[in-house]
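Next up, the structure:
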């Protein structure tokens, strides 16, 4: 290596107007990478209105350090950054990275901006004066590659033109409206709102709709942290299976084992009971019993995944911690709905009915809303945390017994702490709730880290 650059490389954008004589060019650094995209943090920032097919961070051009030809020419490579619409190098879609040759052309998306790669001897280049931050973005300017350059072609070609899609944005958003504007959640919300209006006066139906919507909203928020797609019918089946289990005679078997054979009989009041004894009762009667029940749909999915053929085995089965968390949390949603609507709401409704139906319904809502919203730090947190260990035991099958034991006992312990804290102090209940969610959040982050499909994770791809 000579240690001194004899040649400089640069990109020139091929402008759409044939009459435009001035090329829009940008010099490349011999040491630093240059990123092109719509993100303001890119070195070359493209206008979002003009280039809708360009991703926020679309491509990166970087020097291949440590290699240069005998005449001092360095090599640069073009890397696609998992862009949504792809990068086309000389007409062919780019996969990964490719070393550029002089004259290579690449396009960002099928109808996006096109650039050509060139370089020439430094002795042939004119001296470029130091520039102040540009105010006219009609072309690229020769500036230090560490600065950011904003391309705004609309202001170059027709600065006063207003397109039809600008006046009626819905005509051009298309698939982006569904993927990026949360259209489906909005449609569901509107449908639920209309249904709630129609259900006024029918307390049971109103409570069912409200509880289902709140539980779905809580799960959806947590689902965004998972970053892995799982078919909706698999998640719905896990929740439904949990509801059916609670409504079946099989529940009596769990009650007999954990609350009669084992010391898990739940006290009706904490008055006169030792806090440690209260915790023991909650550990066996609530923690161990309920966490085992909520783990059954996850274990069933794990078994079915091994019996099915591809691609159903990947969709249904549990192959990593993220799968376990997804299904465990879905099972917890079913448990929360069944417990709230089948046990707590009827109980408080009957106990306050003497004060009138309005007072009974108000008391029901005052219990329903915090119970369902609190599931993110309650049943969803415990079951999701246990699901992490179920998935981890699949990845680390040789230590599955240790993994299972730690997960089951820790999830049951958190559950017992929550139940006991609720009978002791509201402040302690809040602390345990925060702790439970912290356990779930840490499990999600670790699951994303060890995931075999991390490169496809939609929650981590923006930070890789």
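Numbering (the numbering used here), first residue to last: 13 to 476.
Where is the CB? At the ideal position from N, CA and C, for every residue including glycine.
Between the CA atoms of residue 300 and residue 231 - distance to the nearest angstrom
23 Å
Do residue 234 and residue 330 come within 9 Å of each other at the CB atom, strictly closer than that value?
no
Note down, one range per segment and in chain order, each alpha helix (DSSP H) of at least 4 residues found wholly within the stretch 198-231.
none
In the DSSP assignment, find the beta strand (DSSP E) that holds residue 119 and state where it starts and stops.
Unbroken beta strand (DSSP E) run through residue 119: 117-120.
Three-state class that DSSP yields for residue 92 in the structure shown
strand
If you draw a straight line from the alpha carbon of residue 47 to that of residue 179, how long is it in whole angstroms?
31 Å
On the criterion of 16 or more Cβ atoms from any shown chain inside 10 Å, does residue 288 qualify as buried, or is it exposed?
exposed
Evaluate residue 43 with the Cβ neighbour count: other Cβ atoms within 10 Å of its Cβ, from every protein chain shown; 16 or more gives buried, anything less gives exposed.
exposed
With 16 other CB atoms within 10 Å as the buried threshold, where does residue 369 fall?
exposed
Contacting residues, own chain, Cβ-Cβ under 7 Å from residue 208 (five flanking each side not counted)
218, 221, 222
So, are the CB atoms of residue 338 and residue 253 less than 9 Å apart?
no
By the DSSP assignment, the alpha helix (DSSP H) with residue 109 in it spans what residues?
Here residue 109 belongs to no alpha helix (DSSP H); instead the beta strand (DSSP E) covers 109-111.
Rounded distance between the beta-carbons of residue 130 and residue 114, thought under 8 Å:
6 Å
Please tell me whether residue 247 and residue 367 are closer than 9 Å, where the distance is taken between their beta carbons.
Going by C-beta atoms, residue 247 is not nearer than 9 Å to residue 367.
Could you give the distance in angstroms between the alpha-carbon of residue 345 and the alpha-carbon of residue 76?
51 Å
Measure the alpha-carbon distance for residue 119 versus residue 57 and round it to whole angstroms.
Spanning the alpha carbons of residue 119 and residue 57 requires a straight line of approximately 15 Å.
Nearest to residue 121 by CA position, among 350, 22, 67, is which residue?
Of 350, 22, 67, the smallest CA-CA separation from residue 121 is found for 67.
Using 8 Å for Cβ pairs, my map puts residue 37 next to residue 24. What's the rounded Cβ distance?
The C-beta distance from residue 37 to residue 24 rounds to 4 Å, short enough to meet the 8 Å contact threshold.
Excluding sequence positions up to five away, which residues of its chain have a Cβ less than 7 Å from the Cβ of residue 159?
Caution applies to residue 159, whose pLDDT of 45 falls short of 50 and renders its modelled position unreliable; the value that the coordinates give is listed next. Cβ neighbours of residue 159 beyond the five flanking positions: none.
Going straight from the alpha carbon of residue 461 to that of residue 397, what length do you get?
15 Å
Using the three-state DSSP reduction, which class does residue 36 fall into: helix, strand or coil?
strand
Outcome for residue 239 when other beta-carbon atoms lying within 10 angstroms are tallied against a minimum of 16
Residue 239 should be labelled buried.
CB-CB length for residue 406 against residue 332, believed under 8 Å
7 Å
For the alpha helix (DSSP H) containing residue 100, list its first residue and its last residue.
That residue, residue 100, is in no alpha helix (DSSP H); its beta strand (DSSP E) goes 99-101.
DSSP three-state label for residue 381, please.
helix
Looking at the unbroken alpha helix (DSSP H) that takes in residue 85, where does it start and where does it end?
That residue, residue 85, is in no alpha helix (DSSP H); it is neither H nor E in DSSP.
Simplified DSSP state of residue 563, which is helix, strand or coil
Since the first residue shown for the chain is 13 and the last is 476, residue 563 is missing from the structure and cannot be characterised.
Apart from the five residues on each side of it in sequence, which residues of its chain come closer than 8 Å, Cβ to Cβ, to residue 354?
258, 259
Can you tell me where the alpha helix (DSSP H) with residue 364 in it begins and where it stops?
357-364
How big is the Cα-Cα spacing for residue 21 and residue 59?
Their Cα atoms are separated by approximately 24 Å.
According to DSSP, which residues form a beta bridge with residue 303?
For residue 303, DSSP assigns no beta-bridge partner whatsoever.
Tell whether a beta-carbon distance below 9 Å holds between residue 225 and residue 202.
no
If you drop the 5 nearest sequence neighbours on each side, which residues of the same chain put their C-beta closer than 8 Å to that of residue 477?
Given a span of 13 to 476 for the chain in the structure shown, any question on residue 477 remains unanswerable.
Extent of the continuous alpha helix (DSSP H) run through residue 3:
This structure does not reach residue 3, given that the chain is present from 13 up to 476, and the question cannot be answered.
With a 10 Å radius around its C-beta and 16 neighbouring C-beta atoms as the bar for buried, classify residue 70 as buried or exposed.
buried
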